[in-house]
Amino acid sequence: MNKNQDDIQTLTFEQAYAKLEETVQKLEVGNLPLEEALALYEQGMALAKHCGLQLDNAELSIKSLTPSGELVDFDHELEP
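Position one of the sequence shown corresponds to residue 39 (the working numbering), numbered consecutively onward.
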(Lines of atoms letter the chains of each structure in order from A and count residues from 1; the text may use other names and numbers.)
(Lines give C-alpha, C1' and ligand atoms only; values in the text may rest on other atoms or scores of the structure.)
Protein backbone atom coordinates (compact mmCIF):
# COMPACT_ATOMS: atom_id res chain seq x y z
CA MET A 1 0.00 0.00 0.00
CA ASN A 2 1.43 3.38 -0.94
CA LYS A 3 1.39 6.60 1.09
CA ASN A 4 -1.69 7.97 -0.72
CA GLN A 5 -3.66 4.79 0.01
CA ASP A 6 -2.55 4.90 3.65
CA ASP A 7 -3.85 8.47 3.87
CA ILE A 8 -7.18 7.46 2.34
CA GLN A 9 -7.61 4.66 4.90
CA THR A 10 -7.55 7.23 7.72
CA LEU A 11 -10.37 9.33 6.25
CA THR A 12 -13.91 9.24 7.56
CA PHE A 13 -16.65 8.44 5.07
CA GLU A 14 -17.61 12.10 4.86
CA GLN A 15 -14.03 13.22 4.25
CA ALA A 16 -13.45 10.56 1.61
CA TYR A 17 -16.73 11.36 -0.15
CA ALA A 18 -15.90 15.08 -0.23
CA LYS A 19 -12.46 14.32 -1.71
CA LEU A 20 -14.08 12.00 -4.24
CA GLU A 21 -16.50 14.73 -5.33
CA GLU A 22 -13.59 17.17 -5.66
CA THR A 23 -11.62 14.65 -7.71
CA VAL A 24 -14.55 14.01 -10.05
CA GLN A 25 -15.05 17.74 -10.58
CA LYS A 26 -11.38 18.17 -11.51
CA LEU A 27 -11.58 15.28 -13.97
CA GLU A 28 -14.79 16.59 -15.52
CA VAL A 29 -13.11 19.88 -16.42
CA GLY A 30 -10.87 17.88 -18.73
CA ASN A 31 -7.95 20.28 -19.14
CA LEU A 32 -5.43 18.25 -17.15
CA PRO A 33 -2.20 16.73 -18.42
CA LEU A 34 -2.53 12.99 -18.96
CA GLU A 35 -0.31 12.03 -16.02
CA GLU A 36 -2.29 14.22 -13.61
CA ALA A 37 -5.60 12.90 -14.94
CA LEU A 38 -4.42 9.31 -14.45
CA ALA A 39 -3.24 10.05 -10.92
CA LEU A 40 -6.58 11.68 -10.09
CA TYR A 41 -8.45 8.74 -11.60
CA GLU A 42 -6.46 6.30 -9.46
CA GLN A 43 -7.09 8.42 -6.38
CA GLY A 44 -10.79 8.58 -7.21
CA MET A 45 -11.00 4.80 -7.56
CA ALA A 46 -9.26 4.34 -4.20
CA LEU A 47 -11.62 6.86 -2.57
CA ALA A 48 -14.67 5.15 -4.10
CA LYS A 49 -13.46 1.76 -2.84
CA HIS A 50 -12.88 3.19 0.64
CA CYS A 51 -16.37 4.73 0.71
CA GLY A 52 -17.91 1.49 -0.52
CA LEU A 53 -16.19 -0.54 2.17
CA GLN A 54 -17.36 1.87 4.85
CA LEU A 55 -20.93 1.63 3.56
CA ASP A 56 -20.70 -2.17 3.53
CA ASN A 57 -19.47 -2.13 7.13
CA ALA A 58 -22.30 0.18 8.16
CA GLU A 59 -24.80 -2.18 6.52
CA LEU A 60 -23.34 -5.13 8.43
CA SER A 61 -23.61 -3.17 11.68
CA ILE A 62 -27.24 -2.37 11.01
CA LYS A 63 -27.99 -5.98 10.17
CA SER A 64 -26.42 -7.12 13.42
CA LEU A 65 -28.61 -4.70 15.37
CA THR A 66 -31.91 -5.95 13.95
CA PRO A 67 -33.54 -8.97 15.60
CA SER A 68 -33.97 -10.86 12.32
CA GLY A 69 -30.60 -9.89 10.88
CA GLU A 70 -32.32 -8.30 7.89
CA LEU A 71 -32.22 -4.72 6.74
CA VAL A 72 -35.41 -2.77 7.35
CA ASP A 73 -36.49 0.68 6.20
CA PHE A 74 -35.79 3.44 8.70
CA ASP A 75 -39.49 4.32 8.79
CA HIS A 76 -40.33 0.70 9.66
CA GLU A 77 -40.55 0.19 13.41
CA LEU A 78 -38.60 -2.71 14.88
CA GLU A 79 -40.57 -5.13 16.98
CA PRO A 80 -39.20 -5.65 20.51
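Glycine is no exception: its CB is placed at the ideal position from the N, C-alpha and C atoms. Given the structure is predicted, the values throughout are model-derived calculations rather than measurements.
Is it the case that the Cβ atoms of Leu85 and Ala56 are separated by a distance below 7 angstroms?
no
Burial state of Leu58 (16 or more Cβ within 10 Å)
buried
Boundaries (first-last residue) of the alpha helix (DSSP H) holding Leu65
51-67
So, is the C-beta of Ile100 closer than 7 angstroms to a C-beta in chain B?
As a matter of chain content, chain B is missing from the structure shown, which is built from one protein chain.
How far does the alpha helix (DSSP H) with Leu98 in it reach, from first residue to last?
72-103
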